[in-house]
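Comments concern the structure below.
In this note's numbering, the protein residues as written are 19 to 649.
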């Protein structure tokens, strides 16, 4: 706010040196306070004849305002107040001597205006400002009526939303606070490069007397950050066909709203070709053809910021799309390995994406049929398929093979030829046939391994598998023997339940597998019986028969096993007289009393007999007889 002190102009008469008010610069004559300061100027040698100063205030029409004032010449006014009515007032001052005669006279204008002007209409840019663009604020003129002092200019402040004001005082704006001081028409200002985001310009119009208007606010939006780009539809690796790639642009400030040709847009190009562009935040294009293609997207936001479309292949919005539309090459190895004739190998080659290390198969079928190929368990490595053909499981004949290979793009190809030409066909048996003979003789099991039409097969492991009858523990036992110089082997079978015995030769990479004829070893139930006495008195103390069932390898099956007690005497065969059950240890017991007088003098034989039952792994068996004579 400009200074409000006014100096009354001095008019010094030739004869006297009187005090008079000095007049200020005409450009700074308006003030908003009714109290005007008057600085008298004391000229050396003032005449002692001036005894009184006299004052009169006039309005703009020359009409006196208020009363006539007097003041001793030694104490002239240093300030003077005007009415609380805006206007231009004239203050006249003179001095007189003791006789009332005028010694000197001077006058000055007092400009008073405390009326706030109407507010201006700040006009911020109607769009987001991009990086490097200065913000220019325009000001619509305050509407009439204007204050009598006119418009000195405009005061402006900037803030980020905390409600600032252009001037420190609510009622005054200093000259230094008036940013545009060229009057009402000084109505445009460059605010320079503002920080990114929202800036609020607070503007007041300032009257000629330094009174501010109400604050008006303009919103200035600055966006210096280009949009962020993402690409979708990108394959994780190689693709075997055209790929549709979409670009999506995001901008958190000015945004990406569709707004015609000059508004936000998103574009995407392939291999540096003409880009596909679309208004707004999304665009898509197709990438096709075998090879590696560079996809680059760029965008323009609502502020006009552009992403750099030459950022290199690692920048956001840039990707490489790899397409391989051609199948791989698949062929079987040129020949079989003599040491491993059942090893089936195929090679997969691909000059672009490369062979897959996770997919592929080898299959087989009998030549000359239309049966489906049977897939073999296949191990896949990059560029190679390996399968083992268990030729022993297939009948004799010619067999053809089919390999299926994949590249990293997912293209598949099949091959049925060898690398050097000719179909992949093998004649079974691939390996040297062998025969295994075996037999069971008095608890020993043995046999011989020979080449069919040839000599013995030595130093080969033979598996002897014993499969025990139900109820045995364990149910199966496998023992191994090695063939000697004559191709023979033998095994002494351990005691235990009844069983079936068979010998197996698992084969080698060059010898077929073989199995001998099975044999059955039936083992009778073992029993033990004893009597408490060798003689028994008729009608006397009972004879106690006790015994046990041998349950080797059948401990869980023996409990509850029926044991029949039998007797015989000369001329009569075995007859049962009582059946008891074995306990969990196989033991049994029974007390028998002789009661028939005809038993005197006769020697009776007794035995225990087991017929067996379901789940008992032994054949029927009897104990040795014991003799008891009646008396």
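All C-beta atoms, glycine included, are put in the ideal place defined by N, C-alpha and C.
Every value quoted in this text rests on a predicted model; they were computed, and no experiment measured them.
Can you pull the DSSP bridge partners for residue 508?
-> 464
Supposed close pair residue 624, residue 583 - CB separation, criterion 8 angstroms = 7 angstroms
For residue 93, does the count of other Cβ atoms within 10 angstroms reach 16, so buried, or fall short, so exposed?
-> exposed
Under 8 angstroms between C-beta atoms of residue 648 and residue 622 | Their beta carbons are under 8 angstroms apart, which means residue 648 touches residue 622 by this criterion.
What span of residues does the beta strand (DSSP E) with residue 605 cover, start to end?
-> In the DSSP assignment, residue 605 falls within the unbroken beta strand (DSSP E) covering 605 to 610.
Residue 429 by DSSP, collapsed to three states: which one?
-> Reduced to three states, the DSSP call for residue 429 is coil.
Any idea if residue 238 is buried or exposed, counting beta-carbon neighbours within 10 angstroms, 16 or more meaning buried?
-> buried
In terms of DSSP beta bridges, what is residue 538 paired with?
-> 518
Can you tell me where the alpha helix (DSSP H) with residue 576 in it begins and where it stops?
-> 573 to 576
Reduced DSSP secondary structure (H/G/I, E/B, other) of residue 617 = helix
Spatial neighbours of residue 311 within its chain, please: CB distance less than 6 angstroms, with the 5 preceding and 5 following residues excluded, ordered by chain position.
-> For residue 311, where only same-chain residues beyond five positions count, the Cβ hits under 6 angstroms are 288, 289, 305, 339.
Thinking C-alpha only, which one of 408, 617, 436, 401 is nearest residue 423?
-> Scanning 408, 617, 436, 401 for the CA closest to the CA of residue 423 turns up 401.
Could you please give the first and the last residue of the uninterrupted beta strand (DSSP E) stretch that includes residue 162?
-> No beta strand (DSSP E) contains residue 162, which DSSP labels as neither H nor E.
Cβ atoms of residue 443 and residue 412: under 8 angstroms apart, would you say?
-> no
Nearest neighbour of residue 265, chosen from 258, 299, 279 [CA to CA] = Scanning 258, 299, 279 for the CA closest to the CA of residue 265 turns up 299.
What number of angstroms, rounded off, separates the C-alpha of residue 240 from the C-alpha of residue 110?
-> 57 angstroms
Please go through the same chain and pick out, in chain order, the residues whose beta-carbon is closer than 6 angstroms to the beta-carbon of residue 167, but skip the five residues on each side of it.
-> 48, 131, 225, 226, 227
In angstroms, rounded to a whole number, what distance separates the CA positions of residue 251 and residue 533?
-> 60 angstroms
Exposed or buried, residue 98, counting other C-beta atoms within 10 Å across all chains shown (16 or more means buried)?
-> Result: buried.
With 16 as the cutoff for other CB atoms within 10 Å, does residue 195 come out buried or exposed?
-> buried
Given residue 486, which residues of its chain have a CB within under 8 angstroms of its CB, disregarding the five upstream and five downstream residues?
-> 492, 493, 494, 495, 514, 515, 516, 517, 571, 635
Classification of residue 565 by the beta-carbon crowding that lies within 10 angstroms, buried from 16 upward | buried
Apart from the five residues on each side of it in sequence, which residues of its chain come closer than 7 angstroms, Cβ to Cβ, to residue 458?
-> 519, 537, 539
Tell me whether residue 477 is buried or exposed, calling it buried when 16 or more other Cβ atoms sit within 10 Å of its Cβ.
-> Here residue 477 is exposed, its C-beta having fewer than 16 other C-beta atoms within 10 Å.
To the nearest angstrom, report how far apart residue 500 and residue 469 are at their CA atoms.
-> Roughly 16 angstroms between the two C-alpha positions.
Under 8 angstroms by Cβ, that's how I've got residue 320 and residue 335 pegged, so tell me the actual separation to the nearest angstrom.
-> Rounded, the Cβ-Cβ distance is 18 angstroms, inconsistent with contact.
Note down, in chain order, each residue of its chain lying with its Cβ closer than 7 angstroms to the Cβ of residue 171, except the 5 sequence neighbours on either side.
-> 196, 198, 199, 200, 201, 204, 224
First through last residue of the beta strand (DSSP E) which encompasses residue 89 = 82 to 90
Are the beta-carbon atoms belonging to residue 545 and residue 628 less than 8 angstroms from one another?
-> yes
Extent of the continuous beta strand (DSSP E) to which residue 394 belongs | From DSSP, the beta strand (DSSP E) with residue 394 extends over 392 to 394.
Would you tell me roughly how many angstroms separate the C-alpha atoms of residue 365 and residue 431, rounded to the nearest one?
-> 12 angstroms
How long is the line joining the alpha carbons of residue 380 and residue 419, rounded to whole angstroms?
-> 7 angstroms
Would you say residue 179 and residue 220 are within 8 angstroms of each other, going by their C-beta atoms?
-> No. Outside cutoff.
So which of 374, 235, 293, 643 has the shortest CA-CA distance to residue 141?
-> 235
Residue 446, DSSP secondary structure in three states | strand
Which term fits residue 465, buried or exposed, when burial requires 16 or more other beta carbons within 10 angstroms of its beta carbon?
-> Label assigned to residue 465: buried.
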